[in-house]
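Undergrad: Here the protein sequences line up with chains A and B, keeping their order. My numbering numbers the first residue of the first sequence as 0 and each following residue consecutively. My numbering numbers the first residue of the second sequence as 0 and each following residue consecutively. Glycine is no exception: its CB is placed at the ideal position from the N, C-alpha and C atoms. Just so it is clear, the structure is predicted and the values come from calculations on it, not from any experiment.
2 protein chains.
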Amino acid sequence: LALKGSNYAGLLERHRIHTKNVEHVVDSLRNERIEVRLVKRREYNEETVRWADAVISAGGDGTMLLAASKVFDKFKPVIGVNTDPERSEGHLCLPVRYTHSFPEALQKLYRGEFRWQWRQRIRLYLEGTGINTTPVDLHEQQLSQEQHSRAHINERFQDQKSDISGPHLLPVRALNEVFIGESLSSRENFKSCKPSFKFSLHRASYYEISVDDGPWEKQKSSGLNVCTGTGSKAWSYNINKVAHQAIEEILKIAKKHGGLNMPLNTELVQKVTNDYNESLLYSPEEPKMFFSVREPIVNRVFSSNRQRGFSSKVCVRSRCWDACMVVDGGTSFEFNDGAIASILIDTEDSLCTVLLEE
Amino acid sequence: LALKGSNYAGLLERHRIHTKNVEHVVDSLRNERIEVRLVKRREYNEETVRWADAVISAGGDGTMLLAASKVFDKFKPVIGVNTDPERSEGHLCLPVRYTHSFPEALQKLYRGEFRWQWRQRIRLYLEGTGINTTPVDLHEQQLSQEQHSRAHINERFQDQKSDISGPHLLPVRALNEVFIGESLSSRENFKSCKPSFKFSLHRASYYEISVDDGPWEKQKSSGLNVCTGTGSKAWSYNINKVAHQAIEEILKIAKKHGGLNMPLNTELVQKVTNDYNESLLYSPEEPKMFFSVREPIVNRVFSSNRQRGFSSKVCVRSRCWDACMVVDGGTSFEFNDGAIASILIDTEDSLCTVLLEE
């Protein structure tokens with residue numbers, strides 16, 4: 000690591016801090032005679048979840064996503080403790096101060112000084128020709144891109160189900176978002192068949208989309224993001240937010256067309272920027288999804304009438320060469336030409352968390 | 000291909016059309032007693048370019064980028080003929096009608112009914128610790144992501160120059176853009192050392208940027224795009240354009256704050272949208288670059304004061320794990336922690352093309 004110029008001392012220190020924070024949480028629980036099983040990423044599985052009355056993730060937002068990914072029971076609380084406040088925003092975790100005074104959080108839970116929060120999650124159905132319903136776990140395998148594609152191919156040959164075309168409910172629930180896009184690898188065995196596909200780090204994704212059972216629309220873009228209220232703060236927010244700089248230029252142009260009667264000052268620009276960006280966020284408990292098309296390509300062939308919006312259901316037909324559906328950045332499914340995904344929220348899939356009273 | 004559900008008949012037809020169009024151009028030239036060497040992608044090299052008085056690319060915009068990539072002489076004209084008008088926009092090519100009546104284009108050239116156009120291009124300097132100045136040609140090698148990373152590593156061990164830290168001028172000139180971002184692969188040999196990096200199809204890029212020798216700013220984003228006037232119509236445009244839908248929402252908010260005195264009708268929204276998006280485009284002949292940060296992450300640590308703008312010089316210090324600088328989607332250079340890139344336009348690097356009179 001040091002040879003690479005990485006900050007080894009920094010990494011070691013953050014590990015030390017994390018370890019100390021984990022010990023604090025575990026000790027606080029055991030002091031209350033609560034039975035605790037401390038498991039690492041690789042040992043965390045559905046048997047452990049079944050054993051537990053509640054699950055506490057100790058890490059950052061990524062760890063919370065992983066913890067949630069194995070909980071399918073809407074009455075099993077999952078609570079996040081941010082043990083890495085320097086690096087993680089902790090959107091999905093308890094406020095940072097409980098990291099160092101976890102007994103305070105426990106007392107609030109005992110006294111009922113909290114309310115339950117149900118974070119809605121997205122479910123996925125897959126159907127069509129030549130589909131592959133086997134998930135590839137991106138965290139555990141830490142695959143290179145080529146191995147990632149090979150893993151999908153190997154699983155395909157083992158999975159008989161893919162011949163039955165009826166919609167398959169995939170064994171995952173997205174807490175943040177589902178992202179659909181080209182995987183960016185080019186497969187060796189198809190080398191000679193791909194004269195028109197340029198290998199690059201940015202390949203456009205080609206698909207058809209139908210929102211709320213509306214008409215199908217062909218799209219070409221850098222990918223499609225469908226998020227929950229929880230995820231509206233995450234990647235979706237970064238895709239859709241508009242910079243103060245851009246709002247200022249837009250309002251300048253509106254003024255030029257005689258449309259602005261107020262002076263165009265920083266205060267107005269700031270208000271409009273804040274309001275606009277805030278309109279991208281919504282409650283994790285609302286059973287609605289927000290879809291957004293990333294960098295839509297608009298030309299003679301491809302239109303993009305609706306590039307973003309709320310919806311109850313999104314259907315996507317892949318016209319991609321080598322694409323994936325990625326759930327919470329952690330689990331991916333092959334999504335190539337012939338596959339059709341249906342994306343929606345079912346409140347039975349919600350994740351139970353707590354909001355402590357302040 | 001057919002097994003994959005691809006449109007084999009369609010691909011074959013487009014190949015037939017392309018071949019016919021190429022024959023038309025070659026015949027038109029030979030009818031004028033012009034000596035023509037017809038070369039395919041793999042045979043196109045600097046010796047062929049040296050032999051030629053002019054280069055004609057027959058394909059789409061991608062083929063034009065490839066043709067330009069081996070021309071470093073600003074007095075050697077490169078002309079593009081769009082042989083695939085169904086699929087390629089042909090921004091870099093002659094108007095589509097000359098594809099079927101190339102003699103008409105030749106006549107205009109003979110009669111001087113054209114003007115020279117010099118498309119400015121970007122040059123790159125690389126310096127710092129552990130740098131690798133060997134380009135990886137993404138088109139010719141059609142590598143999988145893993146092979147791509149390995150190619151970089153293998154070249155590294157062979158390249159002695161990387162120990163000398165002075166700025167190296169890279170042997171490429173960007174006609175569209177330079178894109179800097181994480182490569183999205185995770186290397187096997189570093190598997191155990193990367194506890195904090197999640198493998199996913201979307202990994203944020205971390206770097207520092209200085210514009211026009213200004214102060215260094217840390218940024219985390221989905222990548223940095225620095226384009227030419229030519230490239231301002233390409234990927235840069237898709238990154239930065241704002242949808243009618245978004246402009247409408249922004250103006251609605253401005254109106255709510257009492258800022259709009261005109262009725263907010265479709266006409267105003269359309270005007271503002273068109274003006275704004277047009278402001279992203281500029282002449283290929285202007286010796287200035289346009290940089291844009293893709294999906295900047297703004298939080299406690301990372302700011303993003305200027306997310307886009309014109310500049311004469313952009314310097315970037317990589318803090319990335321496994322990133323690349325990609326030129327015109329075709330050539331990539333390793334760009335990891337320790338490397339510093341200087342990006343600028345030198346008019347000596349311009350590409351000579353023609354604009355026919357209409």
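Between which residues of its own chain and B:G308 is the CB-CB distance below 6 Å, once the five residues before and five after are set aside?
TA: In the second sequence, counting from the first residue as 1, residue 308 of chain B sits at position 309. Nothing meets the Cβ criterion.
Undergrad: Take B:T133 as the anchor and find which of B:Q116, B:V171, B:K107 has the nearest alpha-carbon.
TA: Against the second sequence, residue 133 of chain B aligns to sequence position 134. Nearest of B:Q116, B:V171, B:K107 to B:T133, Cα basis: B:V171.
Undergrad: So, are the CB atoms of B:Y206 and B:R318 less than 7 Å apart?
TA: As a first step, residue 206 of chain B is located in the second sequence; it is residue number 207 there, counting from the start. As a first step, residue 318 of chain B is located in the second sequence; it is residue number 319 there, counting from the start. Cβ atoms of B:Y206 and B:R318: closer than 7 Å.
Undergrad: My output table needs one value for A:Q306: the three-state DSSP class, helix, strand or coil.
TA: The residue you call residue 306 of chain A lines up with position 307 of the first sequence. Correct three-state label for A:Q306: coil.
Undergrad: Of all the CB atoms in chain B, is at least one closer than 7 Å to the CB of A:A67?
TA: Indexing the first sequence from 1 puts residue 67 of chain A at position 68. It does not; no Cβ of chain B falls within 7 Å.
Undergrad: Taking C-beta pairs closer than 7 Å, name the residues in chain B that A:H256 reaches, listed in chain order.
TA: Along the first sequence, read from residue 1 onward, the residue named residue 256 of chain A stands at position 257. Per Cβ cutoff of 7 Å: L267, K270, V271.
Undergrad: Quick one: list the residues of chain B neighbouring A:R41, beta-carbon separation under 7 Å, in chain order.
TA: Sequence index remark: in the first sequence, residue 41 of chain A carries index 42 (1-based). Those within 7 Å of A:R41 in chain B number zero; the least Cβ separation is about 12 Å.
Undergrad: Does B:R114 pass the burial test, meaning 16 or more other C-beta atoms within 10 Å, or should it be called exposed?
TA: The count along the second sequence starts at 1 and reaches residue 114 of chain B at position 115. The residue in question, B:R114, is exposed, as its Cβ has fewer than 16 Cβ neighbours within 10 Å.
Undergrad: Any idea if B:D60 is buried or exposed, counting beta-carbon neighbours within 10 angstroms, 16 or more meaning buried?
TA: Position 61 of the second sequence, counted from the start, is the residue given in the question as residue 60 of chain B. Label assigned to B:D60: buried.
Undergrad: Is A:H90 near the ligand COA, going by C-beta to nearest heavy atom under 6 Å?
TA: For the structure depicted, the ligand COA is absent and the ligand set is empty, with no information on it obtainable.
Undergrad: Using the beta-carbon count (16 or more within 10 Å), is A:T265 buried or exposed?
TA: Against the first sequence, residue 265 of chain A aligns to sequence position 266. Result: exposed.
Undergrad: Under 7 Å between C-beta atoms, does A:A253 make it to chain B?
TA: Here residue 253 of chain A refers to the residue found at position 254 of the first sequence. Yes, A:A253 lies at the interface with chain B (some Cβ there is under 7 Å from its Cβ).
Undergrad: So A:Q402 contacts chain B; which residues on that side make the cut at Cβ distance below 7 Å?
TA: Given that chain A is displayed from residue 0 to residue 357, the structure contains no residue 402 of chain A and the question cannot be resolved.
Undergrad: Could you check whether the Cβ of A:D274 sits closer than 7 Å to any Cβ belonging to chain D?
TA: Given the protein chain composition of this structure (A and B), no chain D is represented.
Undergrad: Can you name the residues of chain B whose CB is closer than 7 Å to the CB of A:L250?
TA: As a first step, residue 250 of chain A is located in the first sequence; it is residue number 251 there, counting from the start. Chain B residues near A:L250: A253.
Undergrad: For the region 84-100 of chain A, which residues have a beta carbon sitting closer than 8 Å to at least one beta carbon of chain B?
TA: So the close ones are R86, E88.
Undergrad: Under 7 Å, do A:S220 and A:P295 count as touching if we go by C-beta distance?
TA: Position 221 of the first sequence holds residue 220 of chain A. Position 296 of the first sequence holds residue 295 of chain A. In contact: A:S220 and A:P295 (Cβ atoms closer than 7 Å).
Undergrad: Can you have a look at B:N260 and say buried or exposed, based on whether 16 or more other CB atoms are within 10 angstroms of its CB?
TA: For the purposes of this step, residue 260 of chain B is taken as the residue at position 261 of the second sequence. Counting Cβ neighbours within 10 Å, B:N260 comes out exposed, since fewer than 16 surround it.
Undergrad: Which one of A:G230, A:G328, A:T47 has the shortest CA to CA distance from A:S182?
TA: Reading the first sequence from its first residue, position 183 is the one you call residue 182 of chain A. Among A:G230, A:G328, A:T47, the Cα nearest to that of A:S182 belongs to A:G328.
Undergrad: For the alpha helix (DSSP H) containing B:V21, list its first residue and its last residue.
TA: The residue you call residue 21 of chain B lines up with position 22 of the second sequence. Segment 7-30, the alpha helix (DSSP H) holding B:V21.
Undergrad: Go to A:K57, then tell me how far its beta strand (DSSP E) extends in each direction, as first and last residue.
TA: In the first sequence, residue 57 of chain A corresponds to position 58, counting from 1. With the sequence shown as reference, residue 57 of chain A is identified as Ala, and Lys is not the correct amino acid for it. From DSSP, the beta strand (DSSP E) with A:A57 extends over 54-58.
Undergrad: Should A:V313 and A:I342 be called a contact, given that it needs their Cβ atoms to be closer than 7 Å?
TA: Reading the first sequence from its first residue, position 314 is the one you call residue 313 of chain A. Reading the first sequence from its first residue, position 343 is the one you call residue 342 of chain A. Closer than 7 Å, so yes.
Undergrad: When DSSP labels each residue in this structure, what does B:T47 get in the three-state scheme?
TA: As a working note, residue 47 of chain B is residue 48 in the second sequence. In the structure shown, B:T47 sits in a helix (DSSP, three-state: H, G or I).
Undergrad: Identify the contact partners of A:E247 in chain B, using a Cβ-Cβ distance below 7 Å as the criterion.
TA: What you label residue 247 of chain A is simply residue 248 of the first sequence in a count that begins at 1. In chain order: nothing, as chain B lies at least about 11 Å away.
Undergrad: Run through chain A and tell me which residues come within less than 8 Å of B:I238, C-beta to C-beta.
TA: For the purposes of this step, residue 238 of chain B is taken as the residue at position 239 of the second sequence. By Cβ distance, chain A contributes E294.
Undergrad: Using three-state DSSP, classify B:E181 as helix, strand or coil.
TA: Numbered from its first residue, the second sequence carries residue 181 of chain B at position 182. Of the three classes helix, strand and coil, the one that applies to B:E181 here is strand, per DSSP.
Undergrad: Classify B:S349 as helix, strand or coil using the three-state DSSP reduction.
TA: Along the second sequence, read from residue 1 onward, the residue named residue 349 of chain B stands at position 350. Of the three classes helix, strand and coil, the one that applies to B:S349 here is coil, per DSSP.
Undergrad: Grab me the residues of B:C192's own chain with a C-beta within less than 7 Å of its C-beta, minus the 5 sequence neighbours each way, in chain order.
TA: For the purposes of this step, residue 192 of chain B is taken as residue 193 along the second sequence, with counting starting at 1. Residue confidence is low: B:C192 scores 30 on pLDDT, short of 50, so the model does not pin down where it sits. Its coordinate-derived value is still stated next. Counting only Cβ-Cβ distances below 7 Å, and skipping sequence neighbours, we find nothing.
Undergrad: If you follow the beta strand (DSSP E) that B:S220 is part of, which residue opens it and which one closes it?
TA: Here the question's residue 220 of chain B lines up with position 221 in the second sequence. Looking at the DSSP string, the run of the beta strand (DSSP E) that includes B:S220 is 216-220.
Undergrad: From A:K107 to A:L355, what does the alpha carbon distance come to, in whole angstroms?
TA: Here residue 107 of chain A refers to the residue found at position 108 when the first sequence is read from its first residue. Here residue 355 of chain A refers to the residue found at position 356 when the first sequence is read from its first residue. Spanning the two alpha carbons is a distance of roughly 7 Å.
Undergrad: Beta-carbon separation of B:V35 and B:T47 under 7 Å?
TA: For the purposes of this step, residue 35 of chain B is taken as residue 36 along the second sequence, with counting starting at 1. For the purposes of this step, residue 47 of chain B is taken as residue 48 along the second sequence, with counting starting at 1. Result no, Cβ atoms of B:V35 and B:T47 do not sit closer than 7 Å.
Undergrad: Express the C-alpha separation of B:F101 and B:A57 in angstroms, rounding to a whole number.
TA: By one-based count along the second sequence, residue 57 of chain B stands at place 58. By one-based count along the second sequence, residue 101 of chain B stands at place 102. Approximately 12 Å between the Cα atoms of the pair.
Undergrad: Applying a beta-carbon distance threshold of less than 8 Å, which residues of chain A neighbour B:N298?
TA: Against the second sequence, residue 298 of chain B aligns to sequence position 299. Ordered by position in chain A, the residues that pass the 8 Å Cβ test against B:N298 are E88.
Undergrad: By Cβ distance, which residues of its chain are closer than 6 Å to B:P283, with the 5 residues on each side in sequence left out?
TA: Reading the second sequence from its first residue, position 284 is the one you call residue 283 of chain B. R118, G228, T229.
Undergrad: For A:D336, which residues in the same chain have their Cβ closer than 8 Å to its Cβ, ignoring the five residues on either side in sequence?
TA: Residue 336 of chain A sits at position 337 when you count from the first residue of the first sequence. Taken in chain order, the residues that qualify are S317, R318, C319, W320.
Undergrad: Mind checking which residues open and close the alpha helix (DSSP H) that includes A:K270?
TA: For the purposes of this step, residue 270 of chain A is identified with residue 271 of the first sequence, where counting begins at 1. Note, A:K270: alpha helix (DSSP H), 265-277.
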